[in-house]
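Q:
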Amino acid sequence: MGRPGPRTSNPEDVPAHLTVWRRGATDVIALTEQRITVGRSPSNDVALAWDSKVSHVHAVLERLAPGWTVRDVGSRNGTFHNGERIFTERVIRPGDELRLGDTRLLLSVAGPAADPTTTQFGPRPPQLTEREKAVLVALCRPVRSGHMLTEPATVAHIAEELVVSVSVVKKHLLRLYQKFDIYEEGHGRRGALANEAIRRGAVNLADLRAAAEHGR
0 MGRPGPRTSN PEDVPAHLTV WRRGATDVIA LTEQRITVGR SPSNDVALAW DSKVSHVHAV
60 LERLAPGWTV RDVGSRNGTF HNGERIFTER VIRPGDELRL GDTRLLLSVA GPAADPTTTQ
120 FGPRPPQLTE REKAVLVALC RPVRSGHMLT EPATVAHIAE ELVVSVSVVK KHLLRLYQKF
180 DIYEEGHGRR GALANEAIRR GAVNLADLRA AAEHGR
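Just so you know, we're using numbering that gives the first Met the number 0 here: the sequence shown kicks off at 0 and counts up by one.
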């Protein structure tokens, strides 16, 4: 597995990075890989060798379309996201803080809009029915490639996957367009919906994995 980009003293030099606070020092680590391991062992992509409260392999960060997720991998002392201990995969956004042991990590992006001292949250996803969530997950399946979603599943593929008619899928999509404020007509409408669902955390990598494991 490749390493993240080199440490730098200037956060604006990299498009996405973790600022790592430890006693007496601060490191900025570029996030250039799809999957980043964090832990005390030197073999991790982000090695926190100084922190005895951090497990050998503590947590994993993975790129999900335009953002990132974090997952604790059975650590001894837990992983905390904005002060809350996490037990499932969690979407993290620019400005979000992670705490592993006595170490703090802050996700940031380059540009004047990124303020590393302020927690920034995007709009929360709307309330979804179980069937609407299933339609979204099926729609977003191509996101597992790790890139920004531009070609989502077709209506026919969603209908086949969920064992429903095309007309039923279209009705659910119409409601989802309204809930996510997607008003533009045209070929790119499903892609806009899928990207917005990912951006707002309505669908995450754990959802896509769970669907794949159930053979849907």
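Built from N, CA and C at the ideal position, the CB exists for glycine as well.
Bear in mind that the values here come from a model prediction, so they are computed numbers and not experimental data.
Which of the three DSSP states, helix, strand or coil, is assigned to Ser54?
A: Here Ser54 sits in coil by DSSP.
Q: For the alpha helix (DSSP H) containing Ala133, name the first residue and the last one.
A: Run containing Ala133: 129-138, per the alpha helix (DSSP H) assignment.
Q: Give me the residue from His16, Phe79, Pro93 with the minimum Cα distance to Thr87.
A: Selected option, being the one with the closest Cα: Phe79.
Q: Run through DSSP, which three-state label would Arg174 get?
A: Helix, per DSSP.
Q: What does Phe79 pair with, by DSSP beta-bridge criteria?
A: According to DSSP, which records beta bridges pairwise, Phe79 is partnered with Arg84, Arg98.
Q: Would you kindly work out how many angstroms separate the C-alpha atoms of Val168 and Ala158, rounded to a whole number?
A: Cα to Cα, Val168 sits roughly 6 Å from Ala158.
Q: Are the Cβ atoms of Arg39 and Val53 separated by less than 8 Å?
A: Their beta carbons are under 8 Å apart, which means Arg39 touches Val53 by this criterion.
Q: Considering only their Cβ atoms, is the gap separating Leu97 from Ile218 smaller than 8 Å?
A: In this structure the chain extends from 0 to 215, so residue 218 is not present and cannot be described.
Q: Going by CA-CA distance only, name the one from Glu184, Lys170, Leu175, Leu138 that's closest to Asp206.
A: The shortest Cα separation from Asp206 among Glu184, Lys170, Leu175, Leu138 belongs to Leu138.
Q: Looking at the unbroken alpha helix (DSSP H) that takes in Gly190, where does it start and where does it end?
A: Looking at the DSSP string, the run of the alpha helix (DSSP H) that includes Gly190 is 188-198.
Q: Should Gly217 go down as buried or exposed, given a rule of 16 or more other Cβ atoms within 10 Å for buried?
A: Shown here, the chain extends from 0 to 215; a query on residue 217 therefore has no answer.
Q: Between the Cα of Ser51 and the Cα atoms of Glu61, Arg75, Gly66, which residue gives the shortest distance?
A: Nearest C-alpha to Ser51: Arg75.
Q: Could you check what DSSP says for Ser164 in three-state terms: helix, strand or coil?
A: Of the three classes helix, strand and coil, the one that applies to Ser164 here is coil, per DSSP.
Q: Using CA coordinates, which residue listed in Val162, Lys132, Leu104, Lys170 is at the minimum distance from Val59?
A: Checked all of Val162, Lys132, Leu104, Lys170; the closest Cα to Val59 is Leu104.
Q: May I have the straight-line CA-CA distance separating Ala29 from Val19, to the nearest angstrom?
A: Computed Cα separation, rounded: 11 Å.
Q: Taking Gly200 as the reference, give the member of Arg89, Asp44, Leu173, Thr153 with the closest Cα.
A: It is Arg89.
Q: Could you say which of Ser164, Arg123, Gly187 lies nearest to Ile91 if we only look at CA atoms?
A: For the residues Ser164, Arg123, Gly187, the minimum Cα distance to Ile91 belongs to Arg123.
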